[in-house]
Amino acid sequence: MEIKKTWLITPPFTQINTPYPATCYLKGFLNELQVENYQSDLSLEVFLRIFSSDGLKRVFKEVEKNDPDLSANAFRIWSLQHQYESTVDQVISFLQNQRSTLAYQLGSEGYLPQAGRFDRMTDSEYMFGHLSIIDKAKYLCTLYLEDLSDFIKEALDPHFGFSRYADKLSSAVSDFSVLEGQLQEGSFFTMQILEEIIREKITLINPDLVAITIPFPGNLFSALKIGQFLKKLNPEMKIVAGGGYCNTELRSIFDTRVFKYFDFITLDDGEKPIELLLQYLNGHRENQDLKRTFLLDKGHVRFFNNAEIKDIPQRETGTPDYGDLFLDKYVSILEVLNPMHRLWSDGRWNKLTMAHGCYWGKCTFCDVTLDYIARYQPLTAQMLCDRIERIIKQTNETGFHFVDEAAPPALMRDLAIELISRDLRISWWTNIRFEKAFSADLCRLLAKSGCIAVSGGLEVASDRLLALIKKGVTVGQVSRVAKSLRDAGILVHAYLMYGFPTQTEQETIDAMEIVRQLFKHQIIQSGFWHLFSMTAHSPVGQDPSHFGVVRTGPEFKGFAENDLEHLDPDGARHSKFGEGLRHSLYNYMNELGIEEDLSTWFPFRTPSTTIKKNYISTLLNEKTSNKLSDQAKILWIGGEPVNKRIVKNEVYLELASNIGRTSILMTREEADWFLEIFGHLILSEPIMNLQQFRESYQDAVGEFEAFINSRLFNSLREEGLIIV
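And the structure:
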């Protein structure tokens, strides 16, 4: 057969506020190969078809036909069906940023029908004074949609979720039989909608190859359903699946039943596997030439991986392409009022990657043996900015989320400099490690370039356990870096973990106290507690006894293998702490309960914390050495010199910035020197390093050591002189 057109699909459900980037990355690469392709975000399209006036009429009609027993909350929604049908189009249009004036109605008392989700509004009402009318309306609209989601899940489709579908069915499923049984039963409502859209699309697109990304467990079942629908429509159509779920869960698959739905499953980066697959299907290669690809051969699952064929370097994968997607239809929601936490669900962010893999690659809970972590390949700042400019031109959107495992500080510095030098004004955020490299000056530079937020791992918030994890940071270091980011105006989200092997009850409570103090000092704004999961590809999973735990299952039966069951003989009974940790954190993020005793959050007795009340403030006040390299860059990110006033042998140099004017007092020699080198500090000329800066001062003025300890140097630093 000849493959003329490839259809790239994101199945339900992922985020509804922005495209999941996998198909955009692959589309950009296929463009480089001049392969005709089309991409669809079926996650968004199914959501929009359900959450419309016509969609809700179908929902309520189906419920009436099925006549299930309804809870009091679901019955309330059922009784208000006309109000939901008459307001849903307004809600969606508003959340798509198409009709902002609707905020005045949608945010008013009683305009939207209310059910159980609105009960939590009592915890949030105090925040409304800090919110704009648009944000208040967005928050109420989100509660409204969540009520409807709860109704659909209870009354019509038990697998339904806002950003996931049948995720519990697809999590840690070693045996494919459960999924196979569900696939052979009649489709629930959501899958019926999906099938309708598939039928419409297949007529319009007429693809020869369909590539489905499966990033999470909450996409697996619908991806299998898509394969089932397509095979029913055209048994000869070729279907390939890949993505994050396949990469971590399906590396040992041998169950042949899966290949009724997919012809191929690829692992890790998809660019080279899909290029070789296209050549194979077009008759130009043999199956042994395929790369990281499973297929069914003579009734058996076989894995082909030609190691001699190298992956595509990051610099050659092309610019992500957002074409074909309905970019003006994405729905921004406000699940949490917290300004940092909302970034994941509010706003349509273009996705890019600074570097493939992780430059650290040592954390013992992480999949460090897998390609997506192990193969570190950074781009250059110039190439990143070229891609940023192309994406802005295509999408007309200047918000960027760099989806790195951990963005490298040196590359972040170079990116910031390149953005400023090109006067490329974007808002961006990314994931980091809380490295010492994030000095106060680097944080100021990042903020100047448009960095609005970072997320990073504090994990267990215990120096003993951080050492076991090989995280390479301490609580003190994380605290100081987070403060530097906060002081620069950059929001900070902390990934938190409980249940790491050998973690005791005392350490769990102490970690909770450290997190409380971090919120009290306002040096982190957001966080999320994850229960440790022992994965097959992590150092803990590969050698449990070394970490003091015992693997207990599950028995592998041919489908997914990643999350491993284990016993922790020396650790606490970790699961019992989950609800209290989450509840306290939710309150801290909403500026509530900071002074409450930690025992308040648990319905059982807990040990008192051993952490002193001034622990974080003591860490923040510790003196740290930060020796600067002679090759460190010297930059000016402050106001422009606009005037100098001479009084005897002194000069008042006036600087103008966006927020006003300031004057700095210096000698005539110092003023002449500063104005002479100014062009080398503002990115318009070759950037001066510390050694050149020192030599220029010594040649023009005098002793450098006296200068860097002077009031003038401190004034210049405050006004915008940074060393990075």
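Numbering-wise (my numbering), the sequence shown opens with residue 1 and increments by one.
Beta carbons: idealized from backbone N, C-alpha and C, even for Gly.
Range covered by the beta strand (DSSP E) that runs through residue i
i, result
"N431", "S427 to I432"
"S484", "Per DSSP, S484 belongs to no beta strand (DSSP E); it is in the alpha helix (DSSP H), V475 to D487."
"H493", "L491 to Y498"
"K623", "First-last for K623: undefined, no H or E at that position."
"P539", "Careful: P539 lies outside any beta strand (DSSP E), inside the alpha helix (DSSP H) at P539 to Q542."
"D297", "T293 to D297"
"L445", "Per DSSP, L445 belongs to no beta strand (DSSP E); it is in the alpha helix (DSSP H), A440 to K448."
"I452", "C451 to E459"
Cβ pair residue i, residue j closer than 8 angstroms
i, j, result
"P273", "R292", "yes"
"V91", "L106", "yes"
"L334", "D135", "yes"
"R400", "F532", "Before going on, a small fix: residue 400 reads as Phe here, not Arg. Going by C-beta atoms, F400 is not nearer than 8 angstroms to F532."
"F577", "T508", "yes"
"D404", "A355", "yes"
"G452", "W429", "The residue you asked about is not Gly; residue 452 is Ile in the sequence shown. Yes, the pair counts as a contact, with Cβ atoms nearer than the cut-off."
"Y245", "F216", "yes"
"I664", "L653", "yes"
"A804", "G472", "It is not possible to answer for residue 804, since the shown part of the chain is limited to 1 through 724."
"A410", "V173", "no"
"T23", "S43", "no"
"C141", "L95", "yes"
"I736", "F519", "No answer is possible for residue 736: it lies beyond the span of the chain, which begins at 1 and ends at 724."
"A406", "C358", "yes"
"L148", "I77", "yes"
"L619", "G456", "no"
"I634", "F678", "no"
"L581", "M534", "no"
"T190", "V63", "no"
"M497", "V549", "no"
Residue i (DSSP reduced to helix, strand or coil)
i, result
"T6", "strand"
"N350", "strand"
"V368", "coil"
"H284", "coil"
"Q182", "helix"
"C246", "helix"
"D41", "strand"
"K65", "helix"
"D738", "In the structure displayed, the chain extends from 1 to 724; residue 738 sits before or after that span and is not available."
"G527", "strand"
"Q96", "coil"
"G218", "helix"
"P607", "coil"
"H546", "helix"
"C24", "helix"
"C363", "coil"
"E316", "helix"
"A407", "coil"
"I274", "helix"
6 angstroms Cβ shell around residue i - same chain, five flanking residues per side excluded
i, result
"K362", "K470"
"I426", "T398, F400 and G450"
"W673", "A700 and V701"
"A440", "S484"
Residues near residue i by beta carbon distance below 7 angstroms, same chain, minus five either side
i, result
"I682", "W636"
"F229", "E195 and I198"
"F402", "L352, T353, M354, W428 and T430"
"V336", "R342 and M589"
"L628", "L690 and I723"
"F740", "In the structure displayed, the chain extends from 1 to 724; residue 740 sits before or after that span and is not available."
"S479", "L518, I523, I616, L619 and L620"
"S599", "T606"
The alpha helix (DSSP H) enclosing residue i, as first and last residue numbers
i, result
"T662", "Premise fails: T662 lies in the beta strand (DSSP E), G660 to T667, not in any alpha helix (DSSP H)."
"F176", "No alpha helix (DSSP H) holds F176; DSSP gives it neither H nor E."
"D463", "D463 to I469"
Own chain residues within Cβ distance below 8 angstroms of residue i, not counting five before or after
i, result
"R99", "Q90 and S93"
"P320", "P21, C24, Y25, K27, G28, N350, K351, L352, R387 and I391"
"N338", "Q525, S526, M589 and N590"
Next on the checklist: So, does the region 1 to 19 touch the region 298 to 314, judging by three or more C-beta pairs under 8 angstroms?
Outcome noted: no
Next on the checklist: Is it the case that the region 605 to 613 contacts the region 539 to 555, given that we only count it when at least three CB pairs across the two stretches are under 8 angstroms?
Outcome noted: no
Checklist entry - So does the region 578 to 593 actually touch the region 484 to 494, counting three or more Cβ pairs closer than 8 angstroms? => result no
Checklist entry - Do three or more CB pairs link the region 474 to 487 to the region 441 to 458 at distances below 8 angstroms? => result yes
Next on the checklist: Three Cβ pairs or more, each shorter than 8 angstroms: is that satisfied between the region 157 to 170 and the region 63 to 73?
Outcome noted: no
Checklist entry - Does the region 308 to 324 come within contact of the region 271 to 289, defined as at least 3 CB pairs closer than 8 angstroms? => result yes
Item to check | Validate contact between the region 247 to 255 and the region 28 to 46 using beta carbons, cut 8 angstroms, 3 pairs | outcome: no
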